[in-house]
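Those letters in the sequence shown? Residues -7 to 325, per our numbering, in order.
Here a beta-carbon is modelled for each residue, glycine too, at the ideal position from N, C-alpha and C.
From a predicted model like this one, the values you see are computed outputs, not experimental measurements.
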Amino acid sequence: MKLLHSLQRGMSLVELMVAMFISLFLTAGLFSMFSMSSSNVTTTSQFNQLQENGRIALTLMERDINQLGFFGDLTGTEMLVNVNTTNTATNVTSDCVGAGINNETFPVDVPAHFRRLWGFEYKTTVDMQCTSALTPDKGTDVLQIKRLMGPASTPPLESNRYYASVTANEIHFFNGSDTPPTTLNSRIWEYQHHVYFVETDNRIPVLKRRSLNISKGMSNEEQLVEGIENVRVLYGFDNDGDSTPDAFMPAEDVSNFMWDNQGFQRLVAVKIFVLVRSIQPDRSYTNDVTYTLGDKQISGASSSTNSDPDYDHYRRRVMSTTVVLENPVLIRS
């Protein structure tokens, strides 16, 4: 019994302290590894999110802009009310009217070019008058597009949509609930008016779009992509007739003369820049980067348009694309 008792002797105080020190050292190393792994996961996840959100935003806008000026068989011809243009559609009760003499949803009977594309940067006043107030973030661009949507439609048509019956000589706008015009060799297309802009909701910037229908006019507002903090649009003009842009310029440098096709310059391409921001902040990261969106620069610490206390802890990325207009003849005439 005495032998057994002597073999059960415990650890000394020194041995216990050494064991505790080793355990603490190993625990600290494991915690550091876990913290680094968690940080890497957050960083990777946010960069993947930035890439995906930016890609979706550019794709949506590019598809729309690419078909700018498409008006079926009348593409490339000016639309003149009471000459080659008839409109029996219901008036747009909540319209968005851009700058210029002829920049409502539908062409009006005035001696001026019908603007299918137009834009502006919101600084202190919103240059587009919408019955349902348009409230873009300051320092972001707003883009307006009007065109027919393909493919060609066949009755029955959607009653809440606007349509156009088109031939090579004339266009007739009408309601989807109406009997389509019976014009020889005509085809029917949905008519659409889009307005793209950025607006912050609950501290999250969102790329939004106004679209057209009969019941709500231009007050239909869609949330397209979260995290799009800024959009910059540059317009590419061809000055020498070779159908390639010689200069890209912001909307404030495009004159009414150029918007209305009254000069020799032709709008043949559009360049889009988006500043994409992570949805959630990372307080272990401080953003002091300056981002270049075409002709302007934005610092990460000042790019937030609201009072978010975490504004400088968001990751950001600039993405861009250049859209060559498929129907530049429209802009030339």
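**Message:** Let me check one thing: in DSSP terms, what residues is Pro197 bridge-paired to?
**Reply:** Paired residues: Thr192.
**Item:** Straight-line Cα distance separating Asp65 from Thr146
**Value:** In a straight line, the C-alpha of Thr146 is about 16 Å away from that of Asp65.
**Request:** Specify whether the region 138 to 154 and the region 58 to 75 touch according to this definition: at least 3 beta carbon pairs, one from each stretch, less than 8 Å apart.
**Result:** At 8 Å Cβ cutoff, the stretches touch.
**Message:** Whether or not the region 233 to 242 and the region 199 to 207 are in contact is what I'm after, with contact meaning three or more pairs of Cβ atoms, one per stretch, closer than 8 Å; do they touch?
**Reply:** They do not touch, by the three-pair rule.
**Prompt:** Where does Phe39 fall in DSSP's three states?
**Reply:** DSSP places Phe39 in helix when its eight states are reduced to three.
**Message:** On a Cα-Cα basis, can you pick out the residue from Phe229, Glu218, Ser15 that is closest to Gly46?
**Reply:** Looking at the Cα atoms, Glu218 is the closest of the given residues.
**Message:** Spatial neighbours of Asn167 within its chain, please: C-beta separation below 7 Å, excluding the five flanking residues on both sides.
**Reply:** Shown here for Asn167: same chain residues with a beta carbon closer than 7 Å to its own, the five before and five after excluded, namely Ala81, Thr82, Tyr154, Ile206 in chain order.
**Item:** Between the CA atoms of Gln272 and Trp110 - distance to the nearest angstrom
**Value:** When the Cα atoms are used, Trp110 and Gln272 turn out to be separated by approximately 33 Å.
**Request:** Give the DSSP-derived three-state secondary structure of Leu327 in the structure shown.
**Result:** Residue 327 is absent from the model: the chain starts at -7 and stops at 325.
**Range covered by the alpha helix (DSSP H) that runs through Met250** = Secondary structure note for Met250: its alpha helix (DSSP H) is the uninterrupted segment 248 to 251.
**Same chain, Cβ closer than 7 Å to Thr314, neighbours up to 5 away in sequence not counted** = Correct list, in chain order: Ala261, Lys263.
**Item:** Simplified DSSP state of Thr171, which is helix, strand or coil
**Value:** DSSP places Thr171 in coil when its eight states are reduced to three.
**Message:** From the DSSP secondary-structure annotation, give me the bridge partner or partners of Gln215.
**Reply:** Answer is Lys200, bridged to Gln215.
**Contained alpha helix (DSSP H) runs [length at least 4] in the region 227 to 284, N- to C-terminal order** = Runs of the alpha helix (DSSP H) inside the region 227 to 284: 248 to 251.
**Request:** Grab me the residues of Asp245's own chain with a C-beta within less than 7 Å of its C-beta, minus the 5 sequence neighbours each way, in chain order.
**Result:** Excluding sequence neighbours, Asp245 sits near nothing in its chain.
**Request:** Work out the CA separation of Pro103 and Trp181 for me, nearest whole Å.
**Result:** Taking the CA atoms as reference points, Trp181 sits about 26 Å from Pro103.
**Message:** Do Tyr283 and Val307 have their beta-carbon atoms positioned less than 8 Å apart in this structure?
**Reply:** The sequence shown places Arg at residue 307, not Val. It is not a contact, given that the beta carbons lie outside the stated cut-off.
**Unbroken beta strand (DSSP E) run spanning Lys208, endpoints** = First-last for Lys208: undefined, no H or E at that position.
**Span of the beta strand (DSSP E) around Gln145** = According to the sequence as given, residue 145 is Ser; it is not Gln. For Ser145, the enclosing beta strand (DSSP E) stretches over residues 133 to 145.
**Asked** Can you check whether the CB of Leu140 is closer than 8 Å to the CB of Val156?
**Response** Note that residue 156 is Ala in the sequence shown, not Val. Ala156 is a Cβ neighbour of Leu140, given a cutoff of 8 Å.
**Asked** Of all the CB atoms in chain C, is at least one closer than 8 Å to the CB of Thr278?
**Response** Absent from the structure: chain C. Only one protein chain is present.
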